[in-house]
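Taking it in order: structure first as structure tokens, then the write-up.
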Amino acid sequence: MLNEEILKKKLDREKEARLLLEGEIEKTTRELFQSNEFLENIIDSLQNGILILNSNRELVKANKTFYQMMNIEYGDDLPPVESFIWEDCESKPEHELENGVDYELYLKNIDGQFIPVYLSQSTITNNKNENYILSFKDLSEIKKIENDFASFARFNPAPILRLNHQGKIIQMNPSAEKKLSESHPEKSFLDLFKKTDSQEILNLSKNGGSLSETILLGNEYYVMSFKGIPELNYIHVYGFNITQRIKSETEKQELQDELVKQAYSQGVAENAIQVLHNIGNVLTSIMGKITTKNESEILNRNTQLLSQMASKLESPEFRQEMDENKLKQLGALMKELSSYFQSHQSIFFEANNYIAKECKHIGDIITTQQQYANLKTQIKSKFSLEGIIQDCVVMHEHRIQKRNINLIFDINDAEVFVEKIGLSQTISNAIVNAVEAMDEDYALFQKDYYYIVIYTKRNEDSVELFIEDNGIGIEEEVLNNLFKYGYSTKERGSGFGLHNCANYMKNNGGKIEILSGGRGQGAITKLTLPMAKE
127 MLNEEILKKK
137 LDREKEARLL
147 LEGEIEKTTR
157 ELFQSNEFLE
167 NIIDSLQNGI
177 LILNSNRELV
187 KANKTFYQMM
197 NIEYGDDLPP
207 VESFIWEDCE
217 SKPEHELENG
227 VDYELYLKNI
237 DGQFIPVYLS
247 QSTITNNKNE
257 NYILSFKDLS
267 EIKKIENDFA
277 SFARFNPAPI
287 LRLNHQGKII
297 QMNPSAEKKL
307 SESHPEKSFL
317 DLFKKTDSQE
327 ILNLSKNGGS
337 LSETILLGNE
347 YYVMSFKGIP
357 ELNYIHVYGF
367 NITQRIKSET
377 EKQELQDELV
387 KQAYSQGVAE
397 NAIQVLHNIG
407 NVLTSIMGKI
417 TTKNESEILN
427 RNTQLLSQMA
437 SKLESPEFRQ
447 EMDENKLKQL
457 GALMKELSSY
467 FQSHQSIFFE
477 ANNYIAKECK
487 HIGDIITTQQ
497 QYANLKTQIK
507 SKFSLEGIIQ
517 DCVVMHEHRI
527 QKRNINLIFD
537 INDAEVFVEK
547 IGLSQTISNA
557 IVNAVEAMDE
567 DYALFQKDYY
577 YIVIYTKRNE
587 DSVELFIEDN
597 GIGIEEEVLN
607 NLFKYGYSTK
617 ERGSGFGLHN
627 CANYMKNNGG
637 KIEILSGGRG
647 QGAITKLTLP
657 MAKE
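For the sequence shown, this note's numbering assigns the number 660 to the last residue and increments by one with no breaks.
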């Protein structure tokens with residue numbers, strides 16, 4: 127009885143072990159099947175046609191894409207592998223397929239149509255058995271694009287190229303071929319570009335986007351535009367001829383340069399006229415201090431009398447005839463001459479000092495003017511704004527003093543970065559306009575007090591210079607036209623001064639504005655200038 131129980135228990139354990147093993151086998155089989163099914167789903171979803179061959183190069187599996195390429199219903203029998211790979215290819219490799227190499231050839235489907243494809247092979251070793259995976263990439267769409275590209279580019283006069291992801295030219299039209307052979311045939315295409323990094327261009331083939339750069343091909347200028355085509359791994363290059371536009375821009379720049387030179391010459395001339403006018407005013411005041419004609423005749427006559435008297439006093443006859451009465455007369459005459467010379471001595475000294483001072487003023491004006499006349503035009507430099515203001519005041523100080531105009535300064539100095547002589551002309555223009563505005567105002571209203579206030583305001587990267595006066599002011603209609611070429615309110619004005627100033631300020635990164643509340647309200651010239659960087 128005991129032996130039967132032991133045998134029964136042993137049989138039960140063996141049964142349980144067998145059932146467990148069958149369950150594991152079933153589970154493993156199911157997982158393997160699911161794995162194969164998953165793998166087949168992945169293969170069927172690929173866009174390229176896929177064939178899996180065994181070590182004897184017999185067909186194991188073909189995906190749906192390959193069936194479509196062959197125009198055969200999915201699941202139907204395929205022809206022998208050798209027939210459509212080796213026998214019916216319009217072009218085939220001269221040797222056995224190599225792994226990782228793309229072969230461009232034509233695949234013939236069941237209907238006899240030739241499909242351009244890239245064929246590549248990979249080898250998988252499993253349990254010492256080799257399986258082959260063949261991938262067919264349909265090039266029909268790419269070939270269509272290439273043909274369209276070639277048709278479009280063939281007769282286009284602009285250079286058009288196609289590059290691969292390595293930057294190699296794989297297609298170009300006759301115009302591109304001609305231009306490249308004329309320019310730098312010894313260089314690769316990408317070496318012609320100086321500003322754009324070659325790798326940046328190559329990245330377009332996978333990332334898309336576009337880049338452009340202007341280059342010289344032969345004797346013409348082209349903008350070469352690169353456009354990435356990631357889906358084809360290509361870069362299209364289109365050339366746009368801009369030679370005529372550059373020529374027009376050059377002519378425009380040359381005309382602008384000529385206008386700038388004319389503006390400079392006009393400014394120099396106007397500045398020189400103002401300087402000569404100032405010097406003339408100084409000379410006029412000097413002439414007023416010089417002894418008049420009558421005074422010169424009196425002085426000359428008295429000098430002659432002294433000379434005659436000295437001669438008589440030295441003669442013996444005069445001494446013998448000398449009596450007390452004559453001595454008294456002589457003493458009176460000497461007192462009269464002494465009094466005359468003493469009264470005029472201070473006048474002579476004052477006139478001499480005045481003339482010396484005014485001559486020094488003339489020298490200062492000329493020296494300052496020479497400093498600006500010797501500057502090279504159109505060259506920006508860093509200098510003190512207060513210094514150039516003082517220079518301009520020196521050149522126009524006499525006309526300010528002559529009119530008893532009060533000159534007031536409130537300058538927070540700053541270093542500016544502009545072309546110096548143009549700024550000198552602009553500030554001088556503003557000072558002269560202020561003085562003339564007060565002349566016009568005095569003729570009408572005769573105010574008791576006239577002033578010019580020069581002050582500054584500093585901003586983060588600019589400084590504002592204000593030149594304010596309480597002269598005749600400017601009406602709104604005139605304000606709107608002040609900077610137009612040829613416009614002037616002066617009888618002999620050229621209409622070029624303020625127009626030149628506006629162009630100068632714009633070209634130097636600044637701005638000029640003239641503000642006024644109207645007639646009789648004075649005016650403010652406001653200059654906004656770029657501050658020099660540290």
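For glycine and all other residues, C-beta sits at the position ideal for the given N, C-alpha and C.
Per DSSP, residue 604 is one residue of the alpha helix (DSSP H) stretching across 602-605. Your pair residue 262 and residue 287 does not check out as a contact, with CB atoms roughly 29 Å apart and the cut at 8 Å. Of the residues assessed, residue 228 falls on the exposed side of the cut-off, its CB having fewer than 16 other CB atoms within 10 angstroms.
Taking residue 536 as the centre and dropping the five residues before and after it, the same chain places the C-beta of 581 closer than 6 Å to its C-beta, in chain order. Annotation for residue 364: the continuous beta strand (DSSP E) segment containing it runs 360-367. Counting only the Cα atoms, residue 242 lies some 25 Å from residue 257.
Bounds of the beta strand (DSSP E) holding residue 543 are 541-545.
DSSP places residue 196 in the uninterrupted alpha helix (DSSP H) bounded by 190-196.
Counting other Cβ atoms within 10 Å of its Cβ, residue 281 stays below 16 and is therefore classed as exposed. Under the three-state reduction of DSSP, residue 649 is assigned to strand. In this structure, residue 648 lies near residue 594, with their beta-carbon atoms less than 8 Å apart. With respect to residue 589, residue 521 sits apart: the two C-beta atoms are not nearer than 8 Å.
Shown here for residue 518: same chain residues with a beta carbon closer than 7 Å to its own, the five before and five after excluded, namely 550, 553, 554 and 557 in chain order.
Boundaries of the alpha helix (DSSP H) around residue 513: 511-528.
Distances from the alpha-carbon of residue 277 to those of 298, 355 and 380 put 298 closest. With a 10 Å radius around the Cβ and a threshold of 16 neighbouring Cβ atoms, residue 186 comes out exposed.
Ranked by Cα distance from residue 251, the first of 293, 363 and 179 is 179.
About 13 Å separates the Cβ atoms of residue 360 and residue 265, ruling out a contact at the 8 Å cut-off.
Assignment of residue 568 by DSSP, reduced to helix, strand and coil, places it in the helix class. For residue 328, the enclosing alpha helix (DSSP H) has its first and last residue at 324-328.
Here residue 198 has 204 and 236 as same chain residues with Cβ atoms under 7 Å from its own Cβ, once five neighbours each way along the sequence are excluded. Residue environment: residue 191 is assigned as buried (16 or more neighbouring CB atoms within 10 Å of its CB, all protein chains considered).
For residue 225, there is no enclosing beta strand (DSSP E), since its DSSP letter is neither H nor E.
Annotation for residue 576: no beta strand (DSSP E) segment contains it, and DSSP assigns it neither H nor E. The closest CA to that of residue 367, considering only 330, 183 and 344, is found on 344. The shortest C-alpha to C-alpha distance from residue 313 to any of 507, 325, 640 and 294 is the one to 294.
Counting other Cβ atoms within 10 Å of its Cβ, residue 642 reaches 16 or more and is therefore classed as buried.
For residue 287, the enclosing beta strand (DSSP E) begins and ends at 286-290. Here the region 530-545 makes contact with the region 571-580; the two share three or more CB pairs at distances below 8 Å. When the five nearest sequence neighbours on each side are left out, the beta carbons in the same chain lying within less than 6 Å of the beta carbon of residue 598 are those of 563, 566 and 567, in order along the chain. For residue 297, the uninterrupted beta strand (DSSP E) segment begins and ends at 295-298. Taken through DSSP and simplified to helix, strand or coil, residue 320 comes out as coil. Annotated three-state conformation of residue 275 is helix, per DSSP. Nearest neighbour of residue 559 by Cα position, chosen from 627, 602 and 353, turns out to be 627. When the five nearest sequence neighbours on each side are left out, the beta carbons in the same chain lying within less than 8 Å of the beta carbon of residue 541 are those of 508, 509, 510, 511, 657 and 658, in order along the chain. For residue 314, there is no enclosing beta strand (DSSP E), since its DSSP letter is neither H nor E.
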